[in-house]
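Everything in the sequence shown is counted per numbering that gives the first Met the number 0, starting at 0 for the first residue and increasing by one. Comments concern the structure below.
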Amino acid sequence: MASLKKYNRQFLWETGVVFCLCSLSLVSSHSRKFTTPNVTRLTDQFSKIAIENGFSKRFGAPNILVNGSLAKLTLDKSSGAGLVSKNRYHYGFFSAKLKLPAGFASGVVVAFYLSNAESYPKNHDEIDIELLGRSRRDDWVIQTNVYANGSLKTGREEKFYFWFDPTQAFHDYTLVWNSHHIVFFVDNIPVRQFPNRGAFMSAYPSKPMSLYVTVWDGSEWATHGGKYPVNYKYGPFVASVADVKLSGCSVNNGSFTGSGACTKSGGSISSLDPVDGQDFATLSKNQITAMDWARRKLMFYSYCSDKSRYKVMPAECS
């Protein structure tokens, strides 16, 4: 059991799930009423897949239950659990419905993210949605992150309160990654955009990545910098995953050339990029309005405001 825990911690470190140095406030937001903006439901444009067709069990196999398009991942004293996509992708649309563990879940982390740490251990890229259990009952926060070329010191975290209770029903969590930008969505509302231009380009993920869905013990950092570890008296902690939509440029094993192009045949990538068209090049007016709403109402931490962490702010912050 001890060796399994050590393996899980090592795996999570190697895949670059970044710890946060800032503390979290205890304000609950999903108990307040919000009128959410109207946006296009991008998730309706893509088809769900059977989880066993798109994913393999990465760790904690005994704690993973798969039934068609639904999976349950459990964190208990013995292990967390994680799925990894069978294919690697260079750009695409990645979405899943998640229902988070109910009850007191401090230190518990549910992650939906892209990473290539196993292929590029010294200079990997990552795009994260991390859902962090907190020190109040049924209260979670959303952490987003982007970094490139493997340095944990270049994490670009932003944190948001939920506007709903994520433990009571399934909600959509979506990543769009293409040559234009990275966009993070929750229930089709964009909460963050990371453009591939200007100062952002040096920090833009550029290599093929796998998609991971995991639940694990983040006691060392996830809740108030590790002040509130996982209390297994309230476990096991079950995260439910459904309606995964995974559509991207599928990279042939070992054949990526770094060109970034998506071709049907004769190239390094086996399918066309589904999110490279004009509809995905920029956000619509309604999406921009919705993102502004989310950032004004719900964002409570941005790396660009963390002067205690950065002596010199990342270039894009200026």
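Note that the Cβ used here is the ideal one computed from N, Cα and C, for glycine as well.
Quiz item: Roughly how many whole angstroms lie between the Cα atoms of K306 and M312?
Solution: Annotation: K306 to M312 spans about 7 Å, alpha carbon to alpha carbon.
Self-check item: Which residues DSSP lists as bridging Q192, in chain order
Solution: As a beta-bridge residue in DSSP terms, Q192 pairs with V182.
Practice problem: State the start and end residues of the unbroken alpha helix (DSSP H) segment that holds T288. | Solution: Unbroken alpha helix (DSSP H) run through T288: 284-296.
Quiz item: Based on the DSSP secondary-structure assignment, which residues constitute the bridge partners of E129?
Solution: A110, Q142, per the DSSP bridge assignment.
Quiz item: Can you tell which of V212, F33, S239 has the C-alpha that lies nearest to the C-alpha of L245?
Solution: Distance from the Cα of L245 is smallest, within the candidate group V212, F33, S239, for V212.
Practice problem: Rank G234, W176, V140 by C-alpha distance to the C-alpha of F161 and give the top, closest one. | Solution: The residue with the shortest Cα to Cα distance from F161 is V140.
Quiz item: Which residue from I188, P61, L99, A116 puts its Cα closest to that of Q167?
Solution: With respect to the C-alpha of Q167, the residue from I188, P61, L99, A116 having the closest C-alpha is L99.
Quiz item: Which residues bound the alpha helix (DSSP H) around I50?
Solution: Element bounds for I50: 50-53.
Exercise. For A202, I'd like the list of residues in its chain whose CB is within less than 6 Å of its CB, leaving aside the five on either flank, ordered along the chain.
Key: So the qualifying residues of the chain are A147.
Exercise. Name, in chain order, the residues that DSSP records as bridge partners for F199.
Key: According to DSSP, F199 bridges with nothing at all.
Quiz item: Can you round the beta-carbon distance between F169 and L97 to whole angstroms, since I take them to be within the 8 Å contact cut?
Solution: Indeed they touch by this definition, with Cβ atoms about 7 Å apart.
Exercise. Just the C-alpha distance for F236 and Q142, rounded to the nearest angstrom, thanks.
Key: Near 19 Å, if we compare the C-alpha coordinates of Q142 and F236.
Quiz item: If we count the other Cβ atoms within 10 Å of its Cβ and call it buried at 16 or more, is K158 buried or exposed?
Solution: Answer is buried; the Cβ neighbour count reaches 16.
Exercise. Starting from the Cα of W215, find the closest Cα among S105, P189, F279 and give me that residue.
Key: With distances taken between Cα atoms, W215 lies closest to S105.
Exercise. Assuming V108 and L82 form a contact by the criterion Cβ under 8 Å, report the distance between their Cβ atoms to the nearest whole angstrom.
Key: Taking a contact as a CB-CB distance under 8 Å, the pair V108 and L82 does not count as one, their CB atoms being some 15 Å apart.
Quiz prompt | Sequence-distant residues of the same chain with beta carbon closer than 6 Å to G355, five excluded per side | solution = Any question about residue 355 goes unanswered here, given that the chain covers just 0 to 317.
Quiz item: Taking just the CA atoms, how far does F193 sit from S283?
Solution: Take the alpha-carbon of S283 and the one of F193: they are about 15 Å apart.
Practice problem: Going by DSSP, name the residue or residues bridged to R87. | Solution: In DSSP, R87 forms a bridge with V250.
Quiz item: Taking the alpha-carbon positions, what's the K206 to S301 distance?
Solution: The straight-line gap from Cα to Cα measures roughly 25 Å.
Practice problem: Provide the residue(s) that pair with D216 in DSSP beta bridges, ordered along the chain. | Solution: Answer is V107.
Self-check item: 8 Å Cβ cutoff met for K85 and S55
Solution: S55 is positioned such that its CB atom lies closer than 8 Å to that of K85.
Quiz item: Whose C-beta lies closer than 7 Å to the C-beta of E51 among residues of the same chain, with five residues either side of it excluded?
Solution: V65, listed in sequence order.
Quiz item: First and last residue of the beta strand (DSSP E) that includes L41?
Solution: Boundaries cannot be given for L41, as no beta strand (DSSP E) includes it and DSSP labels it neither H nor E.
Self-check item: Residue range of the unbroken beta strand (DSSP E) whose run includes V324
Solution: Any property of residue 324 remains undetermined from this structure, which presents the chain solely from 0 to 317.
Self-check item: Helix, strand or coil at Y233 [DSSP, three-state]
Solution: Helix, per DSSP.
Quiz item: Which stretch, first to last residue, makes up the beta strand (DSSP E) that contains W176?
Solution: Counting along the chain, the beta strand (DSSP E) containing W176 begins and ends at 170-176.
Quiz item: In the structure shown, what three-state DSSP assignment does M312 receive?
Solution: Coil.
Quiz prompt | Option nearest M208 by Cα separation, candidates F58, S317, W220, N122 | solution = Checking every option, the nearest Cα to that of M208 belongs to N122.
Quiz item: Taking just the CA atoms, how far does H89 sit from I128?
Solution: Going by the C-alpha atoms only, they are around 18 Å apart.
Quiz item: How is S68 classed by DSSP in three states: helix, strand or coil?
Solution: The answer is coil: DSSP assigns S68 none of H, G, I, E or B.
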